[in-house]
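Student: Line by line, the protein sequences are chains A and B. For what it's worth, the UniProt record's numbering labels the leading residue of the first sequence as 1, then goes sequentially. For what it's worth, the UniProt record's numbering labels the leading residue of the second sequence as 1, then goes sequentially. Positions of the beta carbon are idealized from the N, C-alpha and C atoms, including for glycine. Bear in mind that the values here come from a model prediction, so they are computed numbers and not experimental data.
2 protein chains.
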Amino acid sequence: MGILKFSVPEIFFGRGSLKYTGMCAMRLGAEKIFFVSDPGLEKSGWVDHVFKIIDKESLKWVYYSDISSNPRDWQIEKGALLYKKHGCDVVIALGGGSPMDAAKGIALVASNGGRVNDYEGANRIKHPLAPMIFIPSTASSGSDISQFTIITDMERQVKMSIISRTLVPNISIIDPMLLTTKSRELIIAAAVDALSHAIEAHVSKIASPMTEVHSLKAIELIIKYLPLALESRSLDHLEQLSMAGTSAAIAFSNASLGLDHALAHTLGGMLDTVHGTIHPILLPQVMRYNLCECTDKIAQIGKVVLGKSLASPEATALAGIEKLEAYFQSLKVSTRLRDIVPDRSTLPQICKMATYDSCLLSNPRTATVEDMMQICNGVW
Amino acid sequence: MGILKFSVPEIFFGRGSLKYTGMCAMRLGAEKIFFVSDPGLEKSGWVDHVFKIIDKESLKWVYYSDISSNPRDWQIEKGALLYKKHGCDVVIALGGGSPMDAAKGIALVASNGGRVNDYEGANRIKHPLAPMIFIPSTASSGSDISQFTIITDMERQVKMSIISRTLVPNISIIDPMLLTTKSRELIIAAAVDALSHAIEAHVSKIASPMTEVHSLKAIELIIKYLPLALESRSLDHLEQLSMAGTSAAIAFSNASLGLDHALAHTLGGMLDTVHGTIHPILLPQVMRYNLCECTDKIAQIGKVVLGKSLASPEATALAGIEKLEAYFQSLKVSTRLRDIVPDRSTLPQICKMATYDSCLLSNPRTATVEDMMQICNGVW
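1. Can you pull the DSSP bridge partners for V36 of chain B?
2. Is the shortest distance between the beta-carbon of L283 of chain B and the beta-carbons of chain A less than 8 Å?
3. Could you confirm whether any beta carbon from chain B is found closer than 8 Å to the beta carbon of F51 of chain A?
4. Any idea what DSSP makes of I222 of chain A, helix, strand or coil?
5. Specify the secondary structure class of R72 of chain B as computed by DSSP and reduced to three states.
6. Can you check whether the C-beta of L4 of chain B is within less than 8 Å of a C-beta belonging to chain A?
7. Hey, could you find the ends of the beta strand (DSSP E) M26 of chain B is sitting in?
8. Need the endpoints of the beta strand (DSSP E) that E120 of chain A sits in, please.
9. Report the residue from A:H261, A:P313 and A:P227 whose alpha carbon sits nearest the alpha carbon of K367 of chain A.
10. Count the other CB atoms within 10 Å of the CB of D73 of chain B; is the residue buried (16 or more) or exposed (fewer)?
11. Please report the distance separating the alpha-carbon of D371 of chain B from that of T166 of chain B.
12. Quick one: does F12 of chain B have its CB under 8 Å from some CB of chain A?
13. At a Cβ threshold of 8 Å, is H197 of chain A touching chain B?
14. Assuming contact is defined by CB atoms lying nearer than 8 Å, are S340 of chain B and T277 of chain B in contact in what I supplied?
15. With a cut-off of 8 Å on the beta carbons, I'd call G97 of chain A and S141 of chain A a contact; round off their distance for me.
16. Is the Cβ of S358 of chain B closer than 8 Å to any Cβ of chain A?
17. Does M23 of chain B pass the burial test, meaning 16 or more other C-beta atoms within 10 Å, or should it be called exposed?
18. Here's a check: name, in chain order, each residue in its chain whose Cβ is nearer than 7 Å to the Cβ of A30 of chain B, leaving out the five neighbours to either side.
19. To the nearest angstrom, report how far apart P136 of chain A and V333 of chain A are at their CA atoms.
20. Got a sec? Which residues, its chain only, sit under 6 Å from A255 of chain B by beta carbon, not counting five neighbours each side?
21. So if I threshold CB-CB distances at 7 Å, which residues from the stretch 224-242 of chain B count as touching chain A?
22. Between the Cα of S215 of chain B and those of B:L230, B:A198 and B:A264, spot the shortest distance and give me the residue it belongs to.
23. What is the rounded straight-line gap between the Cα of E314 of chain A and the Cα of P284 of chain A?
24. Just confirm the distance between the C-beta atoms of P209 of chain A and M243 of chain B, as a whole number of angstroms; I'd bet it's less than 8 Å.
25. For L291 of chain B versus I375 of chain B, is the C-beta spacing smaller than 8 Å?
26. Using a cut-off of 8 Å between C-beta atoms, extract the partners of S17 of chain B located in chain A.
27. Name the chain A residues that come within less than 7 Å of S7 of chain B, Cβ to Cβ?
28. From B:I54, B:Y119 and B:T138, pick the residue whose C-alpha is nearest to that of P99 of chain B; which is it?
29. In chain order, what residues of the same chain lie with their CB nearer than 8 Å to the CB of S111 of chain B, ignoring the 5 residues before and after it?
30. Please report whether the beta-carbon of P39 of chain B lies at a distance below 8 Å from any beta-carbon of chain A.
31. When you compare only the Cα positions, how much space is there between V168 of chain B and S146 of chain B?
32. Compare the C-alpha of R233 of chain B against each of B:L186, B:S7 and B:A103 and name the closest.
33. Using CA atoms only, rank isn't needed, just tell me which of A:S7, A:S358 and A:P348 is closest to S172 of chain A.
34. Label D144 of chain B either buried or exposed according to how many other C-beta atoms from any shown protein chain fall within 10 Å of its C-beta, with 16 as the threshold for buried.
35. Taking buried to mean at least 16 other C-beta atoms within 10 Å of its own C-beta, is N123 of chain B buried or exposed?
36. Following the continuous alpha helix (DSSP H) through S253 of chain A, name the residue where it begins and the one where it ends.
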């Protein structure tokens with residue numbers, strides 16, 4: 001074992017935990033909160049709900065919601081200007097990955113200066129950020145747990161990964177009540193995203209026993225509870241998906257991700273697709289590609305997916321991947337790349353740009369542009 | 001699920017991670033460090049080693065080592081006076097549970113005033129503590145991870161449990177190199193203590209999926225690696241015990257403990273015995289007592305201990321407890337209470353005092369003084 005680092009925010013988890021928001025802000029010394037959310041959460045009433053909780057503590061706030069579904073560099077800069085203009089001191093984000101990633105970017109630029117693009121890559125942030133409290137509304141992008149933020153560089157049309165321990169929020173408040181207003185499509189996209197986080201973190205070159213227990217738990221919960229949650233929409237099942245998303249995020253924040261996410265970030269940056277829709281297409285093929293380098297690890301995943309081991313690790317691993325493909329098909333989501341990429345001739349450029357994504361560093365098997373082209377053509 | 005809270009320090013884990021001590025102190029804004037350790041670690045050379053690392057960053061320090069193996073209230077007060085006299089700003093503790101628990105007590109009293117005895121129980125600490133960096137030398141008391149500190153009240157002759165999220169250190173640096181200078185007895189005592197942390201946390205009334213994955217992983221690692229580590233003394237095996245102790249601590253810090261620890265704290269307070277020697281005596285009997293309230297949970301433990309499930313959860317649970325008893329016997333440690341308690345007539349008083357221990361609150365089954373007497377008589 002090499003030297004490993006493990007960092008997790010303080011977590012409040014459970015139905016009704018939202019009520020701790022004001023108390024947490026007070027504890028972090030808040031006087032004026034910079035509150036980031038989006039129009040969807042305004043419409044569903046949750047933004048007003050949080051306002052009421054903050055108001056109980058007589059805290060001042062500034063509200064910012066000019067965030068698109070893949071947050072853009074200029075949106076970060078606009079937010080940071082507003083933050084500084086009003087002299088805010090604590091950041092609260094309510095939403096899916098986009099408002100949370102944007103809030104991290106804003107906290108980063110407000111305290112470290114420059115443009116968000118200056119910090120692309122790992123460990124380039126020098127100064128501490130303002131305290132952050134994140135309230136995720138999907139299960140789960142993991143931004144409320146993770147050391148990552150993903151911001152789109154509009155000029156280069158690429159999703160930048162920014163990775164630093166200082167991007168772990170101080171407190172994550174995970175209230176499954178927020179999931180009850182989500183559509184079927186958003187529940188699937190978030191759960192499939194969490195599943196891909198867990199699977200890529202599990203086979204990562206920097207996975208450790210501390211992350212592996214969380215990645216396997218996340219896979220187990222999603223395989224079991226996503227179909228049940230879609231059918232019942234019950235809070236009990238949605239709560240299990242929340243727990244799965246959180247476990248997956250603890251794993252990937254500390255073990256990083258791999259080839260599937262390197263490609264997904266590039267595709268998302270170019271095509272502005274919903275991140276979660278890409279994994280059912282790429283993930284099984286990426287697992288097959290990685291198999292020779294981490295058979296035992298993929299067999300552990302297979303054992304969870306299948307509920308049993310077969311005669312050999314290879315057999316368990318392969319049967320697990322097949323079962324996963326059938327699982328994605330049963331969700332009636334697209335499993336071919338042509339449904340998402342309008343022009344096949346852009347694939348070489350996509351694969352080339354993916355080689356610069358920092359997630360590739362922890363993928364168990366090295367991948368060249370040609371390897372990635374083969375994967376993409378295989379699922380075209 | 002109710003609302004659960006999960007809090008873990010930032011962790012640096014692995015051989016050689018000790019070298020990050022100075023960098024971490026700098027990052028926490030240290031100018032003058034209050035450094036707590038004990039004569040044993042001075043003799044083994046580790047105290048000097050840490051001094052050299054701190055000196056590289058040109059940091060000033062004050063050293064305190066007047067700590068006994070079950071730290072006492074007056075030792076905390078003496079340390080807090082020294083801390084304030086010298087205007088220290090960051091606490092570093094190097095050692096087993098005793099120097100780390102003492103360091104927490106000192107940081108607490110230095111910042112919150114009064115006597116350490118004023119804070120007995122849960123959530124009674126009002127003001128934030130000075131930043132703390134802990135370097136455990138055993139695998140593991142868990143004090144480097146946990147929300148707990150255990151200090152002996154000399155007047156009442158009782159071990160006080162103080163529990164607060166503010167007692168979680170900022171950073172835990174876990175370097176398995178430190179284990180290589182430990183005796184066979186200390187390795188066993190620490191591993192058995194970690195095993196009892198994991199088992200009691202696993203069946204705790206406030207366990208959650210986030211803690212259960214860590215408690216089961218800890219049990220798996222200790223059962224497998226303690227015998228190997230005792231035979232080989234290899235760094236690879238000791239490192240696995242370190243990881244087990246850390247996982248157990250993540251579990252118990254967030255899920256708390258139970259009846260075995262309530263009794264162990266009281267016994268330790270009265271008899272000043274090494275904490276780890278008590279569990280092989282009490283733990284299997286406590287598991288039998290709890291069985292009717294958490295059969296499935298003890299069956300999960302049994303499955304890990306046995307490496308398989310039997311025909312029913314009851315059968316797996318019971319066989320697991322028996323295997324655990326055989327495991328303790330194979331370690332050639334005492335498994336009868338008479339070897340530790342000199343006078344049987346003190347048992348009623350011990351059991352009465354144990355009813356006040358806060359660990360009892362999370363035990364899966366309520367226990368009266370009579371229940372505890374029955375357990376103690378059963379293993380006399």
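Tutor: Looking at the atomic coordinates:
1. B:Y64 and B:A93
2. no
3. no
4. helix
5. strand
6. yes
7. That residue, M26 of chain B, is in no beta strand (DSSP E); its alpha helix (DSSP H) goes T21 to R27.
8. E120 of chain A -> no beta strand (DSSP E), and no H or E assigned at all.
9. For clarity, residue 367 of chain A is Ala in the given sequence; the question names Lys instead. For the residues A:H261, A:P313 and A:P227, the minimum Cα distance to A367 of chain A belongs to A:H261.
10. buried
11. 34 Å
12. yes
13. no
14. According to the sequence as given, residue 340 of chain B is Ile; it is not Ser. Yes, they are a contact pair.
15. 3 Å
16. no
17. exposed
18. L59, D89 and V90
19. 24 Å
20. A201, S204, I206, A207 and T211
21. E239
22. B:A198
23. 15 Å
24. 5 Å
25. no
26. I3
27. E10
28. B:T138
29. H127, P128, L129 and A130
30. no
31. 5 Å
32. B:L186
33. A:S7
34. buried
35. exposed
36. L235 to A255
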